[in-house]
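These notes are about the structure you will find just below.
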Amino acid sequence: MQKALNSRIGVITDSLDEKAKTEWVLNYSRAMQQEMAELIDSVPWKWWAKYQKFDEQNARVEVVDLFHFLVSLAQVLGMSAEDVYQAYLAKNKVNHNRQDSGYVVKDHNDSAHI
Numbered sequence: 247m248q249k250a251l252n253s254r255i256g257v258i259t260d261s262l263d264e265k266a267k268t269e270w271v272l273n274y275s276r277a278m279q280q281e282m283a284e285l286i287d288s289v290p291w292k293w294w295a296k297y298q299k300f301d302e303q304n305a306r307v308e309v310v311d312l313f314h315f316l317v318s319l320a321q322v323l324g325m326s327a328e329d330v331y332q333a334y335l336a337k338n339k340v341n342h343n344r345q346d347s348g349y350v351v352k353d354h355n356d357s358a359h360i
């Protein structure tokens, strides 16, 4: 669905060269930063302002917006849904191993296989 939406707005991620990949990784990362800021604005983060309310419905919308851009970013990097799922499983295992070991030393190679 995301590929179709991106195509509809003129973004084709199937055969990007390195320059275009770099551009779209930056574009989607910046878009995700903005959506994260909008998510933050859904919660009362101003401790001095008493008028704020938690807007859970908008927070949910912002999470979905983040997901749209994250899927697009994965597509730019040539990742299918299955690739993302398998990488998630592998990285989750790494994270558990880090917790099991106390994560006292950074191992720069523990995610190299993902």
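For the sequence shown, the numbering used here gives the first residue as 247, with consecutive numbering after it. Yeah, the Cβ is synthetic: ideal placement off N, Cα and C, and Gly gets one too. Owing to the predicted nature of the structure, the values given are computational and were not obtained by experimental measurement.
Here DSSP, grouped into helix, strand and coil, assigns K299 to coil. Spanning the alpha carbons of V322 and V310 requires a straight line of approximately 19 angstroms. Taking the C-beta atoms as reference points, L319 is found no nearer than 8 angstroms to M282.
Here the alpha carbons of H354 and V317 stand approximately 26 angstroms from one another. If you draw a straight line from the Cα of D329 to the Cα of I360, it is about 10 angstroms long. Residue environment for E269: exposed (fewer than 16 other C-beta atoms within 10 angstroms of its C-beta). For A266, the closest alpha carbon among the candidates G324, K292 and S347 is that of G324.
The beta carbon of K337 lies closer than 7 angstroms to those of S357 and I360 in the same chain, with the five residues before and after it left out. Leaving aside the five residues that flank H314 on each side, the residues in its chain whose CB is nearer than 7 angstroms to its CB run, in chain order, Q248.
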